[in-house]
Amino acid sequence: MNVEIKDSENIYVYKLVADNGGAPCIHKGVLSLSICKPRIRQAAQEDDWIIGFGGKSVADLKGRLIYIAQVTKVLDHGDYYVSEEYRGRPDCIYKKFGNTYESVPNDFHDPEDLEHDLGASPGFDRARNLLSNRFVYFGRKGDSSIIKSVFDLYDDLPRNFVKNHPDQTRERFENFIKSIVSQYGFKVCDKPTHAEITAKCHESEDEYQIYSRCNPK
Numbered sequence: 001m002n003v004e005i006k007d008s009e010n011i012y013v014y015k016l017v018a019d020n021g022g023a024p025c026i027h028k029g030v031l032s033l034s035i036c037k038p039r040i041r042q043a044a045q046e047d048d049w050i051i052g053f054g055g056k057s058v059a060d061l062k063g064r065l066i067y068i069a070q071v072t073k074v075l076d077h078g079d080y081y082v083s084e085e086y087r088g089r090p091d092c093i094y095k096k097f098g099n100t101y102e103s104v105p106n107d108f109h110d111p112e113d114l115e116h117d118l119g120a121s122p123g124f125d126r127a128r129n130l131l132s133n134r135f136v137y138f139g140r141k142g143d144s145s146i147i148k149s150v151f152d153l154y155d156d157l158p159r160n161f162v163k164n165h166p167d168q169t170r171e172r173f174e175n176f177i178k179s180i181v182s183q184y185g186f187k188v189c190d191k192p193t194h195a196e197i198t199a200k201c202h203e204s205e206d207e208y209q210i211y212s213r214c215n216p217k
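Residue numbers (full-length UniProt numbering): 1 to 217.
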């Protein structure tokens with residue numbers, strides 16, 4: 001399978017400290033990013049790409065590719081939490097009541113995590129959800145050999161957010177995405193890495209990076 005990546009499509013790259021089915025969440029053929037990583041959820045647009053590597057601080061995630069996804073739908077204003085279409089998804093862990101939200105029992109977050117996921121009242125500016133039906137999710141099968149071509153970029157991902165990068169860095173990530181999708185297609189390769197749910201996904205060791213062309217959209 002071949003994919004085209006347009007100059008207008010940003011590439012977001014980050015590291016996970018938990019791969020437990022919460023973020024990303026895959027259910028009925030759709031990948032969603034609804035909790036954790038609020039800055040990516042606030043910034044990414046349809047057609048942008050997300051690369052999720054395993055964090056270096058977690059032994060069974062270190063040096064691994066967890067998933068690649070192209071955003072195919074964005075839901076704003078908490079619509080994810082009121083639509084019947086998404087009600088049964090494992091990461092649909094909040095309910096909207098008028099102008100506020102409440103946490104529902106779930107495997108991933110506690111009620112006190114609501115503000116981190118959705119933002120502060122009354123604006124709830126983080127209540128934004130990214131969905132994809134164009135993704136490859138490796139889970140526990142994403143071994144270190146898969147990221148050889150970009151390992152130096154993975155290893156050097158800084159903690160601080162910087163928006164613009166040299167075009168050659170962007171091109172390497174473009175080629176990485178194309179290579180992975182060409183080899184594996186869009187599919188789920190295996191189950192999440194972590195059988196037991198312990199670490200919270202927002203306890204991230206690194207902030208994300210965004211790779212734009214010099215003339216971003």
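C-beta: ideal position from N, C-alpha, C; glycine also.
Here Thr193 is not near Arg134, since their CB atoms are 7 Å or more apart. The beta carbon of Asp48 sits closer than 8 Å to the beta carbons of Glu9, Asn10, Ile11, Tyr12, Gln70, Val71 from its chain, once the five residues preceding and following it are set aside; these are given in chain order. In the structure shown, Lys141 adopts helical secondary structure according to DSSP, grouped into three states.
The continuous alpha helix (DSSP H) containing His116 extends over residues 114-118. Between the stretch 166-180 and the stretch 16-31, the count of Cβ pairs shorter than 8 Å is below three; the stretches do not touch.
Across the set Asp107, Gln168, Gly185, Val74, the C-alpha of Gly185 shows the shortest separation from the C-alpha of Phe138. Where Ala127 is concerned, there is no enclosing alpha helix (DSSP H), because DSSP gives it neither an H nor an E.
DSSP, reduced to helix, strand and coil, places Ser182 within a helical segment of the structure shown. Exclusion of the five residues before and after Val181 leaves Met1, Asn2, Val3, Ile68, Val136 as the residues of its chain whose Cβ lies within less than 8 Å of its Cβ.
The shortest C-alpha to C-alpha distance from Ile5 to any of Val188, Ile50, Gly88 is the one to Ile50. In the structure shown, the three-state DSSP call for Thr169 is helix.
In its chain, beyond the 5 residues on either side, Ile93 have a beta carbon closer than 7 Å to the beta carbon of Asn106.
Counting only residues of its own chain and dropping the five nearest sequence neighbours on each side, Lys96 has a CB closer than 7 Å to the CB of Gly78, Tyr81, Val82. In the DSSP secondary-structure assignment, Cys25 is bridged to Ser32. Judged by DSSP secondary structure, Gln70 falls within the beta strand (DSSP E) whose first and last residues are 65-70.
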